[in-house]
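Numbering (the numbering used here), first residue to last: 1 to 426. To start, the structure itself, in structure tokens.
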């Protein structure tokens, strides 16, 4: 008999027990062999049943069938059971805190594999995950390797990584994108299970084929649409730390969540396999946006008004050579070796940003002055207001000659409202 309770050999394992055990993790240290798991109270099991009811609401009929509801010994309340490997993996994916899953699996993975035999080794997706772990360990910079506290391939093909803090994750994301020739964009931030969860999806994660519009600059000059790629990165971190890092943590749901043990650790779950496209394809590599570290170098050069794009390109490429010296990055990759039109476009954007006044009302007034100089027939009225805490709001009115003509012609008989959105016709 194993260490886990709630197991009925003919049925599997009660879901309430499995989820209750998960919520005992992560422990301060792994359980030694033979040491029993902590006893579960009736309150723990009740919370486990409640969590599963929430998970079950989002499941399809086929997924619900993986968890049969049976009365144990024909008596009492019917219980939900995990009956197969697929159901176990589905439950693990539903649990937001990936640190819990990883710690629980480290202690009980062998017992769970005996209870729920996985597919044959030739079909295990974990082999690709193990290959990715080896590749990442080989290619990560020394600074990032020091920040990674754990990295393990799971049997469902995902890779679980824990890093020290959010800046370490941002460094990981940059190096992971470079290592895999992929670009991930931030999609949303939510609050689940007392933790802040932020998702990043492959740039090709949309529903329609992507295409290239013309042979132009490598930065933002192409129209990219998705191919339904499922590759993604999920990060999980403490809500208070997320708020400190400006990650966008929603409001805590109750006081107990605020009392969770504060931690700066970031748990990362990678679904690495791409669908619908090949990240190593040359045209795919050249569709990536310029790396943030390269952009920062261009931004620094843009502060000097006399530097040309050709000179900056030479210096930036020298910087990129050192940046990717340990990575298998082709020198035609515009992610790290942007072309001259791209650099020229970025320098123009950065210099324009530097010219803008940090105070909004001054910046708006400058833009109005520019428009009046170019279009003296336009009418403007601008009142700056006295700030967010004041009583005088900002007011901005703009009128073109055509608008003035329409107002003079129809203003006495027609009122138009453009704020009701499909509630009326006019």
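Cβ coordinates follow ideal geometry from the N, Cα and C atoms, glycine included.
Do residue i and residue j have their C-beta atoms within less than 8 Å of each other?
i: residue 90; j: residue 63; result: yes
i: residue 349; j: residue 379; result: no
i: residue 147; j: residue 164; result: yes
i: residue 109; j: residue 129; result: no
i: residue 162; j: residue 247; result: no
i: residue 340; j: residue 303; result: no
i: residue 266; j: residue 234; result: no
i: residue 180; j: residue 338; result: no
i: residue 173; j: residue 185; result: no
i: residue 139; j: residue 288; result: no
i: residue 169; j: residue 268; result: yes
i: residue 144; j: residue 171; result: yes
i: residue 154; j: residue 105; result: yes
i: residue 230; j: residue 290; result: no
i: residue 70; j: residue 79; result: yes
Between the C-alpha atoms of residue i and residue j, what's the straight-line distance to the nearest angstrom?
i: residue 117; j: residue 66; result: 14 Å
i: residue 20; j: residue 43; result: 9 Å
i: residue 365; j: residue 382; result: 8 Å
i: residue 301; j: residue 394; result: 36 Å
i: residue 240; j: residue 45; result: 28 Å
i: residue 201; j: residue 103; result: 25 Å
i: residue 119; j: residue 311; result: 56 Å
i: residue 60; j: residue 319; result: 50 Å
i: residue 107; j: residue 261; result: 21 Å
i: residue 371; j: residue 100; result: 58 Å
i: residue 48; j: residue 264; result: 27 Å
i: residue 12; j: residue 68; result: 10 Å
i: residue 411; j: residue 386; result: 32 Å
i: residue 397; j: residue 403; result: 12 Å
i: residue 416; j: residue 356; result: 35 Å
i: residue 176; j: residue 187; result: 18 Å
i: residue 342; j: residue 182; result: 19 Å
i: residue 134; j: residue 352; result: 44 Å
i: residue 245; j: residue 150; result: 22 Å
i: residue 373; j: residue 405; result: 21 Å
i: residue 193; j: residue 22; result: 12 Å
i: residue 322; j: residue 167; result: 21 Å
i: residue 58; j: residue 10; result: 27 Å
i: residue 336; j: residue 369; result: 39 Å
i: residue 376; j: residue 392; result: 28 Å
i: residue 41; j: residue 50; result: 14 Å
i: residue 296; j: residue 195; result: 31 Å
Assuming residue i contacts residue j under a Cβ cut-off of 8 Å, what Cβ separation, rounded to an integer in Å, is found between them?
i: residue 191; j: residue 232; result: Not a contact, Cβ separation roughly 19 Å.
i: residue 324; j: residue 178; result: 6 Å
i: residue 298; j: residue 354; result: Going by Cβ atoms, the distance from residue 298 to residue 354 rounds to 13 Å, so no, they are not a contact pair.
i: residue 203; j: residue 111; result: Contact doesn't hold; Cβ gap of about 40 Å is too wide.
i: residue 81; j: residue 14; result: 6 Å
i: residue 55; j: residue 83; result: That pair is no contact at about 16 Å.
i: residue 384; j: residue 344; result: Residue 384 to residue 344, Cβ: 35 Å. No contact.
i: residue 8; j: residue 72; result: 7 Å
Using a 10 Å radius around the Cβ and a threshold of 16 neighbouring Cβ atoms, would you call residue i buried or exposed?
i: residue 360; result: exposed
i: residue 509; result: Here the chain comprises residues numbered 1 to 426, so residue 509 is not present and cannot be evaluated.
i: residue 331; result: exposed
i: residue 17; result: buried
i: residue 275; result: exposed
i: residue 132; result: buried
i: residue 114; result: exposed
i: residue 316; result: buried
i: residue 160; result: buried
i: residue 52; result: buried
i: residue 362; result: exposed
i: residue 329; result: buried
i: residue 242; result: buried
i: residue 272; result: buried
i: residue 367; result: exposed
i: residue 277; result: buried
i: residue 461; result: This structure leaves residue 461 out entirely; the chain is present only between 1 and 426.
i: residue 407; result: exposed
Alpha helix (DSSP H) runs contained entirely in the stretch 134-177, provided each spans 4 or more residues: 142-147
Requested in this report: Would you mind listing the alpha helix (DSSP H) stretches within the stretch 344-393 that are 4+ residues and don't spill past its ends, in chain order?
Outcome: 360-374
- Counting only runs that start and end within the stretch 33-102, where is the alpha helix (DSSP H) found for 4 or more residues in a row? 42-57, 61-64, 85-94
If we require 3 or more residues per run, which beta strand (DSSP E) segments fall completely within the stretch 278-343? none
Item to check | Entirely enclosed beta strand (DSSP E) segments - the stretch 393-419, minimum 3 residues | outcome: 395-399
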